[in-house]
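> Residue numbers (our numbering): -6 to 229. Beta carbons: idealized from backbone N, C-alpha and C, even for Gly. Please read all numbers here as calculations on a predicted model, not as lab measurements.
Below, the structure is given as structure tokens:
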């Protein structure tokens, strides 16, 4: 019997804004003026190199970034380093005459950490509220290099999560069973009484090694997935 639920963050409870909107917002925050043609071209390049955290992975990863990519969720420094390097390969720097304009690659990285860049799925709040009403404890288990708690606070669902178990805080990432075990321990439940809900079979499926049930959802943009999380309520 399932008595607790673990949720992934990105692609499960929330999704990052579309690449073009991410780029536009970052450029505005950095004081960088981009034409519509530049927005379209740069957004396509950013997607191709996988520069948006929470977005599509790189189509082809440069060999010199391979190790950093593998370890990106183990520390804030590694996370920032690999994603800014990928963004730098896709977006030209500001002209020399604009030396006072902040680096757009840094602005892109900072933008993705802002709560405004993240959108909850339509059924995120209602599902978490229903679980709380049933007395089912919830933890968030995420491979991430920064603290997503402000995102949950901004969208008024922070109080519906008992614990946040983040790879960079534990020095271990999914699919390593140790991260799932830490989450189960936080809930005070044995793994066989816990359900893991995520969007990645390779990563989130690692919970099965402990004996957790695993339920996968499609990590598409929020407007394409209106009610996938509600099925979780039938599993507890």
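Determine, using beta carbons only, whether residue -5 and residue 226 come nearer to each other than 8 Å.
no
> Using 10 angstroms around the beta-carbon of residue 140, count the other beta-carbons present and answer buried if the total reaches 16, otherwise exposed.
So residue 140 counts as exposed.
> Pick helix, strand or coil for residue 38, following the three-state DSSP scheme.
helix
> Would you grab the beta carbon distance between residue 235 and residue 58 for me? Rounded to a whole angstrom, and I think it's under 8 Å.
There is simply no residue 235 to check, as the chain begins at -6 and stops at 229 in what is shown.
> Report the three-state DSSP secondary structure of residue 54 (helix, strand or coil).
coil
> Is it the case that the Cβ atoms of residue 55 and residue 214 are separated by a distance below 8 Å?
no
> Quick one: what's residue -3 bridged to in DSSP?
Its beta-bridge partners are 187.
> Are the beta-carbon atoms belonging to residue 207 and residue 197 less than 8 Å from one another?
yes
> Given a cut-off of 8 Å, decide if residue 150 and residue 121 are closer than it, judged by their beta-carbon atoms.
yes
> Do you know offhand how far residue 89's Cα is from residue 159's?
Residue confidence is low: residue 89 scores 48 on pLDDT, short of 50, so the model does not pin down where it sits. Its coordinate-derived value is still stated next. About 40 Å.
> Given this structure, state the Cα-to-Cα distance separating residue 84 from residue 33, to the nearest angstrom.
Approximately 11 Å between the Cα atoms of the pair.
> Tell me which residue opens and which closes the alpha helix (DSSP H) that residue 63 is part of.
59 to 63
> On a CA-only basis, which of 5, 27 and 6 is nearest residue 15? Give me that one, please.
27
> Could you give the distance in angstroms between the alpha-carbon of residue 242 and the alpha-carbon of residue 107?
Residue 242 lies beyond the range of the chain shown here (-6 to 229); nothing can be said about it.
> Rounded to a whole number of angstroms, what is the C-alpha to C-alpha distance between residue 66 and residue 46?
11 Å
> From the DSSP output, read off the bridge partner residues of residue 111.
9
> How would you call residue 199, buried or exposed, if buried means at least 16 neighbouring beta carbons within 10 angstroms?
buried
> Enumerate, from N- to C-terminal direction, the unbroken beta strand (DSSP E) stretches of 3 or more residues contained entirely within the segment 126 to 190.
131 to 135 and 156 to 159
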